[in-house]
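*Asks:*
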Amino acid sequence: MLAVLLLTAGAKIHAQVVESPAALRRQWMASCDSLETPVIRWKASQAQSPQPRLVPGSDLERKNYRGELAPLRYRREYTCYGPADTIYFLELYRRNRYWKVYRYRVMKGKTVPEGPQWSFDARGRATEVLHCETGQSTCRRWQALAYWPNDSLARMGWFLNGKPDSLHQSWYDQGVLRSRLHYRDGRLLQVDGLWNADGQPLETGGFSQGQGDLLLYALNGTPLERRTYRDGKVIRLKKLKKQAE
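Numbering (numbering that gives the first Met the number 0), first residue to last: 0 to 244.
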């Protein structure tokens with residue numbers, strides 16, 4: 000009963016979720032509506048020669064170290080003048096420490112956080128996207144992302160106040176969907192499906208509406224463990240023996 004109530008309460012949030020890498024990319028490209036070209040660079044770059052994540056813009060500061068071509072740190076900005084609003088972007092890079100792009104709305108001469116705020120790894124791949132309401136000092140909702148060595152997306156999931164919330168998806172290294180799960184306030188409520196590397200559906204184990212068993216699989220499709228849920232939380236975990244070859 001609790002799982003059903005939570006699922007109903009989360010329906011409004013689910014409708015706002017970006018459900019695919021392509022949709023996320025379109026969202027990033029539309030960060031400044033007056034531009035036909037992307038504001039944020041999507042493609043990864045080599046760690047030793049990072050390309051700025053802000054495609055347009057100018058450097059406020061750029062510092063190298065002992066003649067190296069790759070910067071030790073830099074600050075870059077861009078202002079977008081829309082038909083009704085002015086949006087300001089600030090990129091901060093510090094080698095081996097952080098790489099972020101902040102998005103602000105200019106209101107009465109002041110900048111206030113609004114919309115997506117990005118964090119990147121050393122290769123310029125987004126690892127976290129905070130979704131901020133106007134003027135929020137602490138952004139309660141965000142997306143976390145992880146990648147395969149070939150730069151394809153491995154996982155993308157939403158969080159609210161530090162707990163899994165809304166849609167979580169995973170993919171195999173060639174882009175085939177591996178799992179599609181729905182959470183609410185840290186509880187697993189719905190499993191849309193599990194798939195093998197060929198795109199064929201796998202047995203879920205009978206999980207439904209936050210209750211019952213759920214099978215977890217290795218990358219080769221071998222069952223690894225069985226988890227039993229009650230009201231969206233794991234109450235029992237059983238390791239499965241490897242099948243004889």
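Even for Gly, the Cβ is constructed at its ideal location relative to N, Cα and C.
Note that the structure is a prediction, hence the values are computed from the model and not measured.
#1: What's the C-alpha gap between T227 and G205?
#2: With a floor of 3 residues, list each beta strand (DSSP E) that falls wholly inside the region 123 to 206, ordered by position along the chain.
#3: Considering only residues of the region 32 to 89, which uninterrupted beta strand (DSSP E) runs meet the minimum length of 3 residues and lie entirely inside it, listed in chain order?
#4: Where does R102 sit, in a helix, a strand or coil, going by DSSP?
#5: Is V128 buried or exposed, if buried means 16 or more other CB atoms sit within 10 Å of its CB?
#6: Between the C-alpha atoms of L223 and K238, what's the straight-line distance to the nearest angstrom?
#7: Is there contact between the region 61 to 70 and the region 118 to 137, where contact requires at least three CB pairs shorter than 8 Å?
#8: Relative to the C-alpha of G211, which candidate in L193, V233, L180, D191 has its C-alpha closest?
#9: Closest to L209 by C-alpha separation, out of T221, R229, G198, T203, would be which residue?
#10: With DSSP run on the structure shown, which of helix, strand or coil describes R226?
#11: Rounding to the nearest angstrom, what Cα-Cα distance links T203 and Q168 in this structure?
#12: Check the C-beta distance from H181 over to L159 and give it rounded, since I have them as a contact under 8 Å.
#13: Is R93 helix, strand or coil when you go by DSSP?
#14: Can you check whether the CB of A125 is closer than 8 Å to the CB of L144?
#15: In chain order, what residues of the same chain have a beta carbon less than 7 Å from the beta carbon of Y146, not counting five sequence neighbours either side?
#16: Report the three-state DSSP secondary structure of L23 (helix, strand or coil).
#17: When burial is assigned at 16 or more other CB atoms within 10 Å of the CB, is G108 buried or exposed?
#18: Kindly indicate the opening and closing residues of the beta strand (DSSP E) around S212.
#19: Measure the C-alpha to C-alpha separation of Y171 and R25 and round it to an integer number of angstroms.
#20: Check whether the Cβ atoms of Y103 and Y87 sit closer than 8 Å, and answer yes or no.
#21: What is the rounded straight-line gap between the Cα of Y101 and the Cα of V17?
*Replies:* From the atom records:
#1: If you number the sequence shown from 1, residue 227 lands on position 228. If you number the sequence shown from 1, residue 205 lands on position 206. Rounded to whole angstroms, T227 to G205 spans 10 Å at the Cα level.
#2: 125 to 131, 140 to 146, 152 to 159, 162 to 170, 176 to 183, 186 to 193
#3: 57 to 62, 72 to 80
#4: What you label residue 102 is simply residue 103 of the sequence shown in a count that begins at 1. DSSP places R102 in strand when its eight states are reduced to three.
#5: As a position in the sequence shown, residue 128 is number 129, starting the count at 1. Buried: at least 16 other Cβ atoms inside 10 Å.
#6: Counting from one through the sequence shown, the residue named residue 223 turns up at place 224. Counting from one through the sequence shown, the residue named residue 238 turns up at place 239. Answer to the nearest angstrom: the Cα atoms are 6 Å apart.
#7: No: the two stretches stay apart, fewer than three of their Cβ pairs being nearer than 8 Å.
#8: The count along the sequence shown starts at 1 and reaches residue 211 at position 212. Considering only alpha carbons, the answer is V233.
#9: Against the sequence shown, residue 209 aligns to sequence position 210. Here residue 209 turns out to be Gly, not Leu, going by the sequence shown. In terms of CA proximity to G209, R229 leads the group T221, R229, G198, T203.
#10: Translated into positions along the sequence shown, residue 226 becomes position 227. Three-state result, R226: strand.
#11: Taking the sequence shown and counting its residues from 1, the one referred to as residue 203 is at position 204. Taking the sequence shown and counting its residues from 1, the one referred to as residue 168 is at position 169. Taking the straight line from one Cα to the other gives about 15 Å.
#12: The residue labelled residue 181 in the question sits at position 182 within the sequence shown. The residue labelled residue 159 in the question sits at position 160 within the sequence shown. With 8 Å as the limit, H181 and L159 do not qualify as a contact, their Cβ atoms being about 13 Å apart.
#13: Walking along the sequence shown from the start, residue 93 turns up at place 94. Three-state result, R93: strand.
#14: On the sequence shown, residue 144 is found 145 positions in, with the first residue counted as 1. On the sequence shown, residue 125 is found 126 positions in, with the first residue counted as 1. For L144 and A125, yes; Cβs fall inside 8 Å.
#15: Looking up residue 146 in the sequence shown gives position 147. The residues are R124, L152, A153.
#16: Within the sequence shown, residue 23 is the residue found at index 24, counting from 1. It is helical.
#17: Position 109 of the sequence shown, counting from 1, holds the residue named residue 108. By the 10 Å Cβ count, G108 comes out exposed.
#18: Here residue 212 corresponds to residue number 213 of the sequence shown, with the count starting at 1. Note on residue identity: the sequence assigns Asp, not Ser, to residue 212. Segment 211 to 216, the beta strand (DSSP E) holding D212.
#19: Start at 1 with the first residue of the sequence shown, and residue 171 comes out as number 172. Start at 1 with the first residue of the sequence shown, and residue 25 comes out as number 26. Using only the alpha carbons, I get a separation of about 22 Å.
#20: Mapped onto the sequence shown, residue 103 falls at position 104. Mapped onto the sequence shown, residue 87 falls at position 88. With respect to the 8 Å criterion, Y103 and Y87 are classified as neighbours on the basis of their beta carbons.
#21: The residue given as residue 101 occupies position 102 in the sequence shown. The residue given as residue 17 occupies position 18 in the sequence shown. One C-alpha to the other measures close to 19 Å.
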